[in-house]
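Novice: As given, the protein sequences belong to chains A, B, C and D, one line each in that order.
Just so it is clear: in the first sequence, position 124 is 124 by full-length UniProt numbering, and no numbers are missing.
Just so it is clear: in the second sequence, position 289 is 289 by full-length UniProt numbering, and no numbers are missing.
Just so it is clear: in the third sequence, position 83 is 83 by full-length UniProt numbering, and no numbers are missing.
Just so it is clear: in the fourth sequence, position 552 is 552 by full-length UniProt numbering, and no numbers are missing.
Here a beta-carbon is modelled for each residue, glycine too, at the ideal position from N, C-alpha and C.
For clarity, every value in this text was computed on a predicted model and none was experimentally measured.
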Amino acid sequence: MTARKPVFVDWCPGCGDYGILRAEEEAIKELGIQHEKVTIVSGIGCSGKIPHFIDLPISGVHTLHGRSLAFATGIKLSNPSLEVIVNVGDGDSLGIGMGHFVNAGRRNIDMTVIIHDNGVYGLTKGQASPTLHRGEKTKSLPKPNINDAVNPLNVALSSGYTFISRGYAYDISYLKELIKAGIKHKGLALIDILQPCPTYNDINTKEWYDKRIYKLETIGWDPLVRSENEREEKMQKAMIKAMEWGEKIPVGIFYEDESVPTYEDRLVQNIPNYIDYYPAKQDIQVNGKSATDIKELIKAKRV
Amino acid sequence: MTARKPVFVDWCPGCGDYGILRAEEEAIKELGIQHEKVTIVSGIGCSGKIPHFIDLPISGVHTLHGRSLAFATGIKLSNPSLEVIVNVGDGDSLGIGMGHFVNAGRRNIDMTVIIHDNGVYGLTKGQASPTLHRGEKTKSLPKPNINDAVNPLNVALSSGYTFISRGYAYDISYLKELIKAGIKHKGLALIDILQPCPTYNDINTKEWYDKRIYKLETIGWDPLVRSENEREEKMQKAMIKAMEWGEKIPVGIFYEDESVPTYEDRLVQNIPNYIDYYPAKQDIQVNGKSATDIKELIKAKRV
Amino acid sequence: MRYSWMIGGAQGLGVDTSAVIFGNSISKAGYYIFGNREYYSNIKGRHSYFQVVFSEKPVHSISSKVDVLATFDAETIFQHFTEVKDVMIYDDSLKNVTVDMVRSIEPEIAEGVKEELKKNAFGFSVGDVVKYVESKGVKTIPVDYSSILKKVADTYHIPLSVVERAKNIVVVAISLSLFGIKEEHLRNAIASEFKNDLFVKFNTTAAEIGYSLVQAKYNLPELNVGEPRIQVDGNTISAIGKLSAGLRFQSYYPITPASDESTYIEANQNLDLIVNGERRKGGAVVVQAEDELAAINMAVGSALTGTRSATATSGPGFSLMAEGISWAGMNEVPVVITYYMRGAPSTGLPTRSGQGDLKFALNVGHGEFPRIVIASGDHKEIYWDAIWAFNLAEKYQTPVIHVIEKTLANAYSSFDEKELDGNVEVERGKIVKPEGGYFNRFEFSEDGISPRAFLGDAGIFHAGDEHNEEGHITEGTKNRILMYEKRMKKLYTADREIPEVQRVNVVGDGQVVLLTWGSPKGSILDAMPLLQNEGVKVQMVQVRMFNPYPSDLMKKLLSGKKVIAIENNYCAQGAQVLSERTGIFPDSFILKWTGRSITMEEIIEGVKKVMQGEKRVVLSDGA
Amino acid sequence: MRYSWMIGGAQGLGVDTSAVIFGNSISKAGYYIFGNREYYSNIKGRHSYFQVVFSEKPVHSISSKVDVLATFDAETIFQHFTEVKDVMIYDDSLKNVTVDMVRSIEPEIAEGVKEELKKNAFGFSVGDVVKYVESKGVKTIPVDYSSILKKVADTYHIPLSVVERAKNIVVVAISLSLFGIKEEHLRNAIASEFKNDLFVKFNTTAAEIGYSLVQAKYNLPELNVGEPRIQVDGNTISAIGKLSAGLRFQSYYPITPASDESTYIEANQNLDLIVNGERRKGGAVVVQAEDELAAINMAVGSALTGTRSATATSGPGFSLMAEGISWAGMNEVPVVITYYMRGAPSTGLPTRSGQGDLKFALNVGHGEFPRIVIASGDHKEIYWDAIWAFNLAEKYQTPVIHVIEKTLANAYSSFDEKELDGNVEVERGKIVKPEGGYFNRFEFSEDGISPRAFLGDAGIFHAGDEHNEEGHITEGTKNRILMYEKRMKKLYTADREIPEVQRVNVVGDGQVVLLTWGSPKGSILDAMPLLQNEGVKVQMVQVRMFNPYPSDLMKKLLSGKKVIAIENNYCAQGAQVLSERTGIFPDSFILKWTGRSITMEEIIEGVKKVMQGEKRVVLSDGA
Ligand SMILES: Cc1ncc(C[n+]2csc(CCOP(=O)(O)OP(=O)(O)O)c2C)c(N)n1
Ligand SMILES: Cc1ncc(C[n+]2csc(CCOP(=O)(O)OP(=O)(O)O)c2C)c(N)n1
Ligand code: SF4
Ligand code: SF4
Ligand SMILES: [Mg+2]
Ligand SMILES: [Mg+2]
């Protein structure tokens, strides 16, 4: 095992990303997954640097702005034995990456998507992100935000995500449990993390959140879809709950449904031995010669 | 006025697009808008050809697959005196174009988006589009559809569209009225049109729809948000209604809210004379010399 | 001996199927064929046509003129009457249909037709066209399709609408009868084409009637096919090559003319493997992505797991892949992009062909990194190049772009099955299996190539940012110089290792070089003996790899010769690359950008014009 | 006379501001300056630095060595100690800090530092570095920052944390005092930089203390500034140029180093217009798009309404624009893309500079269409080129790519205000105002340029598909040949109309040509007189327009000369374009791809090495 050169964690002091880093690292450790089997795929932004900062021999794929879900899809479907976690910025996933964000829901691959939701484009100096509300003027903005915000939870619910949750970066132990639940969930899990950016976002600060956040458990919320006929009702309830924003902001698991087959399950319908003999595992050569027998394909073209 | 060379309408016989063409043409005529002030922006697909087929001296901008909303945004914001209608395919708008579809909601520009929702990628020979439900196997598919469907109405509602409606391609007179209402609506209007594709989609056929479709008017549906405090409730109701799909399929206006300022309204906050003296109207040269006086900008850089 | 046959008709009416049946019958009679498909970007109603050329020797190109034109609608007649050389089969009942009555014909094309007829003092109806072609010595064969169809419908007591498409078979049968091909071959072709029993039956009846209508005019002898032959199109042979190479993941977004390749792979995704003598099943995953941004990045992600992965697209989709390709270059990912070139720019002529994107492919994505680009000239090359592409990608750990033009993608040709024989080498390059812990993916090395491990084997880091040997971001200048150089070095290593002769096809000899790449190869090959007959001795130099470019060999081959660049584009981009790399400029150009392939005759005429001093010959044959 | 000063410190601690204040003070004393900014892709904590070079004559480049290095942290010392020539100001209390204690320094860089110190038998602490530089004859000035700050804080009864950043001002004051610049200039610079009164006060106090600490060492005389001068960075001057040209719509997606341009435009969106003598307000709309796919297509849509529109981006965003640019080419849309090049490929070195994307820009997007590409070499050129870009776009109705490198975007220079004087010509090309009805947007014409009308004026049709004169789709071959040719012809028209001398800057004379483009211009200009002093007479040839390429002039200029290509990339892409267009190959190369600009000294040394026979000089100066 090669030693690791030191990697300087270069986020700003007080950044919510430190909380996410801690919670995610702990979650991986507590779940006892073999570290080398974990691949963290990230986008571009302050958030995108996270795999480099994790101090475990996991793999990190620091990809392109907005595209991490596509990379993750290729990775997970080619090697379903990997634990794939996708860390994305809010601009990354809901602005430039929105097309993939929605379409990933349609597939329900067994992965975990973690949004660093800070209301700004951090690494490009604080422009408004898609979750900043209209009319709000953070200290980084010269004029009040001109666009409306999207609601990531409801977009995810409308697109097929089967685990919908929200965390808070400064409540590390609670967040760690959420991440563990998301990873354990069989299907595509979303964890939208309220992540204060003290450098650019002086509206959604720690103080602001601290007095608003409450846990869904405290109101006896039951997110679990136990049978197909519960699905519609639970989804409607979750959607309405997800609209709550203002004086009170709920965190926790809004919705969870394991009755929808994952994309991997669906693939097995077409490729019976997919799970045991997935693409990355298949022998494609023997002594430098192709192992694939294409004779039948050629024969079908005989004249 | 130059005469127009004949343009052959090359959709398949029986295609729902003919109904949309008729309804849209009639809507424009009945609204009495000066034809030259209408710009129809379209994407790529069978649907994308529509501007060429409209037999009026409107303008047509037949753009790229998935990108029509971006073109339309540039057009409308540079010349808000134009009536901009965006005709898109379901693959076009909800697959490759989903990022723009959602982010357009955040702006609420005064335009009308018309989806030709046929469940397939028509022009590329019938692959599943994002609105085809999982497990469905149209005659064009070799295997049942592996992806879940998105719900365009709910994605639009979660993203800020202020007029949400659904039409049916074969009910031309009803559709025409919907289109008129969408055009008249001040803000971003969505008309999701159920458009049978007899060539590739043998599931969502005319027969299939005819026995399922009912009009929201018939159940006394009231889509209108009359004041800000009605908004949340009406939106929740619309979301739940929009989930109805199966034995009964509602068409009509699900939600309408004119209390949200349009992007143009918001721009006026920053540029007071924007509406009267919009970009396309401004004089940028006089006798070939720049009309813009940059002296103050330069002076601010003096040392 | 070389014959050319063409069938046309509105899209959606079975023209393709009938062309395949015709080609099959001809093949069964022992002839080699080459078939080219032309169609509008439309699902139903626009004009499409298919040309089949055949010979007792392998054929590689289409012709400007057709011996037999098989039609059953008016538009085909108007679009193609100037191309018939010998026989035109047509529907008698259409005699009074005029150009202006054909709504699907484009105004520009209708204008051209009327001009041509007017110039020769004819009217604008099908009847006039019949007279026109007859005046040029063409034999015309009127057919009463409706009575034939009625007879067929009556025989099986089925509605006329069901047998409508049997028109195709009638005209195919007439054609085969003219050529003197045994009816049995057609019967067999029909039997293997249609799954439905009733369809086999009524089409066979239609065939019999068609056959009986005419006498053999050409009397082609039945040839003896020694070796088994296959007949295959470019999309399919590319797919088979990829699977053979070990492709196990393909992501794509539907686009003409690329998606048929992915559809074929998915349909055949359950594969036969022979691993250490044991047979087992393997599976290739095919994902329909939400767009091409996703498609390329899914394929790149897949490659990181050690899977041989690819995507296939054409111009608009390729444009969207630029950023992802740049990431793959930066992270030294072996990924294959099969680039089906079509008529550009933008949506362009989406169902036609073109070679206008070569320099874009060579320079795609921001920044400097090795992009290996290869281009195939025919169906056999496509197969071997598809395999080559993966070996190059893995050996040099960089994206490989495999260029195939629409014309080859949709055309089919027949050739001896043994051309695909031979050991399929799977060279995976420097692969290691670390036992967990951290792994330095980007270790510096002499040849620029680092040992590669796969996700899951160890802690491995990647970044689109400049990174150190561990894959972590660093902005230090020393690392930057070395890491950048390491990536670029791989191109020099490749240049050193890949023999230049493998990168260029040279055929024939002579002071005049026809310099080309891609599909014009076939037309040149077919034209060369004919040119030689006319006393023009030419050599064909076909570039198969544009990066790393075979500069030394090209200098040696071209110095002091008269070089004629032949390409399906406006700028002669292949020649521009030559100039950049060698300083050599062609003397003259034969170019075509109509989206239609270059015909054999165009090569012959074009070369002759050049020999007479023309510097730039612009080709326009084909409707 | 030429001095170089450098300040460094962790990002987010005001290094930029202090460099601006320093530059301002120097400018006020009558000197021309050139300032370059280097920073990590990071918000807070990583090392950033600023070099200011000044002289009584205009300056255009940075230097390899600095006369005065102004520091207040340890990392700056470690990163830059080998670059100090004369004076190093440092924080006394850091003496025992070793390289390994600085967590933010990258491991690769720390290694290098230790190697250098070890080689010279020094330890690894700041104190050791002080000894090291002293051993090289550098004067070191220890400063007790904490007592100074305490004094400042006490004076105004404010917490220490508030005055923390006054360190910057202290070190700036010491530096200015060393140079002998009047304190008054600093005081004025502080007053105009800070809005907050208290800030002005305590910074002024800090400045006074700093000033008093040292004696003047250089005694720069106060110069008389005749004409007014401005001091401006590349982002800003590009924005001003665009507004001056009539830009009224800009769409963008945030990206370094492009977005500051858009931010500036939005901040100044309410414009002064003078229309027929009358003053009125105009407004430029700036839209933050959801991605660069949207950004380019919004700008293209805007252009269709007759608005002068643009977008600005850098590598990753430009990659995403490929498809949109191809549509704009196909539909002959005048749109300007300001392309800020940075360290590539992929995310690369996102805050550093580079010239690695030139060939991508020249070939961007699938298919053949005219892409006009111009590249600016300094701030004045940026201004005039921004205007030129719009005129070219509208005259030739095609996308224009204006290349500016990161180094110029973030650097600032001062120059005489009158350099921006002169008539700003706004040439809109063939524009017509139809009175409704249908309009043929794509009319064939001799020069390839069709009359253009705007959306709203008439029924106008566009399509990414090949289209006829009316803008409707057609796949006919005759139209295809003509319409394609029409588009390409515009490039020939442009080539004919734009004098080649406008496309190349030629400075000096001699048998040795330094061939370059973009930012190296400045370093070459500054190096030329010094080279001449050493007996090396060189000519600079700077290409300003890559398409249409000034082939004839370049042949004339370069034939028979010794050509040295100087570029900020690995492949010498500008030279590759030269070879493609003229068959001329440079004799040798001076290249740098570290993301840092080429310094004046590197040019001098590089040219000397080449004169001694080196074929490829790789530069590496700058931390
Ligand atoms: C295609 C592309 N466009 C733009 C950028 C520039 N960019 C880098 S980070 C960033 C925004 C990051 O914001 P967000 O995703 O919210 O992440 P955060 O920094 O807030 O964690 C942008 C726009 C890029 N890297 N790639
Ligand atoms: C970037 C890009 N990718 C792919 C295509 C190919 N393409 C043309 S039409 C089409 C699908 C159209 O489906 P939809 O949007 O549903 O429209 P419809 O034809 O059903 O009306 C596709 C994928 C393209 N033109 N551009
Ligand atoms: S800019 Fe904001 S999100 Fe980025 S590191 Fe700093 S505090 Fe965190
Ligand atoms: S393929 Fe379907 S959508 Fe397209 S024209 Fe035909 S019927 Fe209409
Ligand atoms: Mg963010
Ligand atoms: Mg569709």
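Should A300/B be flagged as near chain A, meaning a C-beta pair shorter than 7 Å?
Specialist: For the purposes of this step, residue 300/B is taken as the residue at position 300 of the second sequence. No, A300/B lies away from the interface with chain A (no Cβ there is under 7 Å from its Cβ).
Novice: What whole-angstrom Cβ distance do I524/D and H379/D have, given they're in contact under 8 Å?
Specialist: Counting from 1 along the fourth sequence, the entry for residue 524/D is found at position 524. Counting from 1 along the fourth sequence, the entry for residue 379/D is found at position 379. That pair is no contact at about 16 Å.
Novice: When the distance is taken between beta carbons, is K114/D closer than 7 Å to F124/D?
Specialist: Along the fourth sequence, read from residue 1 onward, the residue named residue 124/D stands at position 124. Along the fourth sequence, read from residue 1 onward, the residue named residue 114/D stands at position 114. Against a cut-off of 7 Å, the Cβ pair of K114/D and F124/D comes out as a contact.
Novice: Can you look up A294/D in the DSSP assignment and give me helix, strand or coil?
Specialist: In the fourth sequence, residue 294/D corresponds to position 294, counting from 1. If DSSP states are grouped into helix, strand and coil, A294/D belongs with the helices.
Novice: So if I measure from each beta-carbon to every heavy atom of ligand 1 and keep distances below 6 Å, which residues remain?
Specialist: Taken from the N-terminal end onward, the list reads I44/A, G45/A, C46/A, S47/A, H65/A, G89/A, D90/A, G91/A, D92/A, H116/A, N118/A, V120/A, Y121/A, G122/A, L123/A, T124/A, S129/A, Y253/D, P254/D, I255/D, E292/D, P316/D, G317/D, L320/D and T347/D.
Novice: What residue does the alpha helix (DSSP H) around D171/B start on, and which one ends it?
Specialist: Taking the second sequence and counting its residues from 1, the one referred to as residue 171/B is at position 171. Here D171/B belongs to no alpha helix (DSSP H), and DSSP marks it neither H nor E.
Novice: Can the beta-carbon of I179/A be found less than 7 Å from the beta-carbon of A23/A?
Specialist: Position 179 of the first sequence holds residue 179/A. Position 23 of the first sequence holds residue 23/A. In contact: I179/A and A23/A (Cβ atoms closer than 7 Å).
Novice: Which term fits G89/A, buried or exposed, when burial requires 16 or more other beta carbons within 10 angstroms of its beta carbon?
Specialist: Within the first sequence, numbered from 1, the residue matching residue 89/A stands at position 89. Buried is the call here.
Novice: For T98/C, which residues from the same chain have a beta carbon less than 6 Å from its beta carbon, with the 5 sequence-adjacent residues on both sides left out?
Specialist: By 1-based counting over the third sequence, the position of residue 98/C is 98. Excluding positions up to five away in sequence, the list reads F124 and S125.
Novice: Return yes when at least one heavy atom of ligand 3 lies under 6 Å from the C-beta of C571/C, else no.
Specialist: The count along the third sequence starts at 1 and reaches residue 571/C at position 571. No, the beta carbon of C571/C sits no closer than 6 Å to any heavy atom of ligand 3.
Novice: Using three-state DSSP, classify A207/D as helix, strand or coil.
Specialist: As a first step, residue 207/D must be located in the fourth sequence, where it is residue number 207. Here A207/D sits in helix by DSSP.
Novice: Shorter than 7 Å from the beta carbon of S346/D to some beta carbon of chain F?
Specialist: Protein chains in the displayed structure are A, B, C and D, and chain F is not among them.
Novice: For K5/A, which residues in chain D fall below 7 Å Cβ to Cβ?
Specialist: On the first sequence, residue 5/A is found 5 positions in, with the first residue counted as 1. Simply P107.
Novice: With 7 Å set as the bound, which would you pick, yes or no: does the beta-carbon of S319/D sit closer than that to a beta-carbon of chain C?
Specialist: Here residue 319/D refers to the residue found at position 319 of the fourth sequence. Interface residue, yes.
Novice: Going by alpha carbons, who is nearest to A206/C out of K150/C, E134/C and I181/C?
Specialist: Here residue 206/C is taken as the residue at index 206 of the third sequence, counted from 1. Closest option to A206/C, Cα to Cα, is K150/C.
Novice: Relative to the C-alpha of D526/D, which candidate in I598/D, G574/D, F585/D and Y549/D has its C-alpha closest?
Specialist: Indexing the fourth sequence from 1 puts residue 526/D at position 526. Out of I598/D, G574/D, F585/D and Y549/D, I598/D has the C-alpha closest to the C-alpha of D526/D.
Novice: Any idea what DSSP makes of W5/C, helix, strand or coil?
Specialist: As a first step, residue 5/C must be located in the third sequence, where it is residue number 5. Reduced to three states, the DSSP call for W5/C is strand.
Novice: Which first and last residues belong to the beta strand (DSSP E) in which H100/B is found?
Specialist: Taking the second sequence and counting its residues from 1, the one referred to as residue 100/B is at position 100. Note, H100/B: premise wrong, no beta strand (DSSP E); alpha helix (DSSP H) at M98 to R107.
Novice: Enumerated in chain order, which unbroken segments of the beta strand (DSSP E) with a length of 3 residues or greater are wholly contained in the region 47-93 of chain B?
Specialist: 59-62 and 83-89
Novice: Have a look at W517/D, G12/D, S326/D and K28/D and flag the residue whose alpha-carbon is nearest the alpha-carbon of I190/D.
Specialist: Within the fourth sequence, numbered from 1, the residue matching residue 190/D stands at position 190. Closest option to I190/D, Cα to Cα, is K28/D.
Novice: Less than 7 Å between CB atoms is the rule here; does N42/C satisfy it with respect to chain B?
Specialist: Residue 42/C sits at position 42 when you count from the first residue of the third sequence. With 7 Å as the cut-off, N42/C counts as an interface residue toward chain B.
Novice: Quick check on the DSSP output: the beta strand (DSSP E) that includes I40/A runs from which residue to which?
Specialist: Taking the first residue of the first sequence as position 1, residue 40/A is located at position 40. Start and end: V38 to S42.
Novice: Taking Cβ to Cβ, would you say G365/C is nearer than 7 Å to I325/C?
Specialist: Position 365 of the third sequence, counted from the start, is the residue given in the question as residue 365/C. Position 325 of the third sequence, counted from the start, is the residue given in the question as residue 325/C. Yes; because the gap between Cβ atoms is below 7 Å, this pair is in contact.
Novice: In the DSSP assignment, what residue or residues form a beta bridge with P159/D?
Specialist: To locate residue 159/D, count along the fourth sequence from 1; it is residue 159. According to DSSP, which records beta bridges pairwise, P159/D is partnered with nothing at all.
Novice: Taking one C-beta from the region 492-502 of chain C and one from the region 574-587 of chain C each time, how about it: are there three or more such pairs within less than 8 Å?
Specialist: no
Novice: Nearest CA to the CA of S455/D: which residue from F53/B, D171/B, K137/B and K76/B?
Specialist: Taking the first residue of the fourth sequence as 1, we reach residue 455/D at position 455. Here residue 455/D is Leu; the residue named in the question, Ser, does not match the sequence. That would be K76/B, whose Cα lies nearest to the Cα of L455/D.
Novice: Taking D171/B as the reference, give the member of I193/B, H185/B and F163/B with the closest Cα.
Specialist: One-based indexing of the second sequence puts residue 171/B at position 171. The candidate whose alpha carbon is nearest that of D171/B is I193/B.
Novice: Closer than 6 Å to a non-hydrogen atom of ligand 3 - does that hold for the CB of D17/A?
Specialist: As a first step, residue 17/A is located in the first sequence; it is residue number 17 there, counting from the start. Checking every heavy atom of ligand 3 against the Cβ of D17/A, one is found closer than 6 Å.
Novice: Tell me which residues of the region 233-247 of chain A have at least one Cβ-Cβ distance to chain B shorter than 8 Å, keeping chain order.
Specialist: M235, Q236, M239, I240 and M243
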